[in-house]
Amino acid sequence: MDEPLPNDEELDEPVADDAAAWDQPLLADDLEAAYLRALEATDAIEREFDAESEADTTSESNEVVAPELSDDSTPSLEDSSAAMGVLSESPDEPAAPRVSEKQVVEAALFVGGTPLTAKKLSSLFHTDHGFGFVECLLDELNRQYAEEGRPYTITLGEGGYRLSLLPEFESVRNKVFGYGPKDVKMTQDALEVLSLVAYKQPITKSQMEALGKSNAGSVLRQLVQRELIRIDRAHAPQNSKSKNDPPYTTTPRFLSLFGLGSLHDLPVAEDFAFK
C-alpha cells in the first residue's frame with residue numbers, strides 16, 4: 000500500500016541529517032532547483048579558471064626574451080625584406096639576352112629575300128653608324144660562317160648584299176627545288192624575251208621588235224606578273240620621249256631562280272643560242 004505524500008508542513012520541517020535527507024523523495028521543483036545550483040557552481044568554476052589562464056598568458060607575453068645574435072649574424076636588408084614577404088630578384092637569374100647589331104644584320108639578310116644595300120642595312124639602327132660599320136659587320140659574319148663551316152655566305156651582287164648558297168652546295172638545292180628554269184614552265188617565246196631582257200637590259204619593247212622579236216608586249220606582261228622582269232623607268236634613255244615604251248630590267252627573283260649571284264654570272268653570249 001502506497002504511503003501518503005507529506006503535506007506542506009512536513010516539508011518545511013528541518014532535516015535531521017544528510018543521510019536522512021537522501022531517504023526523502025524529491026519533487027520536480029526540488030530537482031530543478033538542484034540542477035540550477037549545479038549549473039551556477041560549474042559556471043563559477045569556469046570563470047575562475049579562465050581568469051587564471053588570462054593572468055598566466057599576460058605574464059608570459061611580458062617576459063619575451065629577444066634571441067641572441069652572434070657577431071656575424073647582423074640582419075641584412077635582404078633578410079628584412081624576406082621577413083616582410085618582399086621577394087628580391089635572384090642574382091643568379093639570367094637577364095634577357097640583348098640582340099646584337101650583327102644579329103640584326105644577319106636576320107635582315109635572312110628574311111629579306113631581295114638584296115639589301117649598305118644604306119638600307121644601316122637604317123635598321125637608331126644611331127647613324129655609317130656604311131663602314133655595316134661592312135665590318137658583314138665581314139665578321141662571313142668569317143664566322145667560314146669558321147663554323149656554314150653552307151652559305153654573304154655576297155655583294157646586283158642590288159646589294161644577300162645570303163647566297165656556296166657553289167659546292169648547289170647540287171643540294173637542285174635535288175630539293177629542281178633546277179629552277181625548267182620548273183617555271185615558260186614557253187619558247189617567253190624564254191627568248193627573257194633572254195633579250197637579261198642580256199640587253201635596259202631594253203624597251205620597240206628595241207626588241209627592232210631585233211626581230213615582234214609582238215613581245217603580251218609576253219612582257221606575263222614576265223612582269225611572274226616578277227622575273229620589271230619596268231625600270233630610272234634607266235630610260237635620255238632621248239626616249241614616249242611613256243608608253245618603258246625599259247625593262249630583270250629582278251632579283253630572276254637571279255635567284257636561275258642560281259645567279261649577279262648579272263655578271265650570265266653565260267657569255269656565244270655560249271647562249273637563240274632559237
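Going by my numbering, the residue at position 263 of the sequence shown is 262; the numbering climbs one at a time, nothing skipped. From the three backbone atoms N, C-alpha and C, an ideal C-beta is built for every residue, glycine too. These numbers were taken from a predicted model, which means no experiment stands behind them.
| Asked | Found |
| --- | --- |
| Which word fits Lys118, buried or exposed, when buried means at least 16 other C-beta atoms lie within 10 angstroms of its C-beta? | exposed |
| Hey, Gly156 and Gly258: beta-carbon distance below 8 angstroms or not? | no |
| Are the beta-carbon atoms of Ala215 and Glu226 separated by less than 8 angstroms? | no |
| Sorted by chain position, which residues of the same chain lie with C-beta nearer than 8 angstroms to Lys184's C-beta, five sequence neighbours on each side aside? | none |
| Are the Cβ atoms of Leu136 and Glu100 separated by less than 8 angstroms? | yes |
| My output table needs one value for His125: the three-state DSSP class, helix, strand or coil. | coil |
| Here's the rule: buried if 16 or more other CB atoms are within 10 angstroms of the residue's CB, otherwise exposed. What is Thr73? | Caution is warranted here: a pLDDT of 49 is assigned to Thr73, below 50, making its placement in the model unreliable, and no coordinate value can be reported. |
| Take Trp21 and list the residues in its own chain whose beta-carbon comes closer than 8 angstroms to its own, dropping the five residues that flank it on each side. | Its pLDDT being 43, under 50, Trp21 is placed unreliably by the model, and the measurement read from it follows with that caveat. Taken in chain order, the list of residues that qualify is empty. |
| Indicate the three-state DSSP secondary structure (helix, strand or coil) for Ser163 in the structure shown. | strand |
| Helix, strand or coil for Arg142? Go by DSSP, reduced to three states. | helix |
| Just how far apart, CA to CA, sit Pro150 and Gly129? | 29 angstroms |
| Shortest alpha-carbon distance to Val110 belongs to which of Tyr144, Ser163 and Gly148? | Ser163 |
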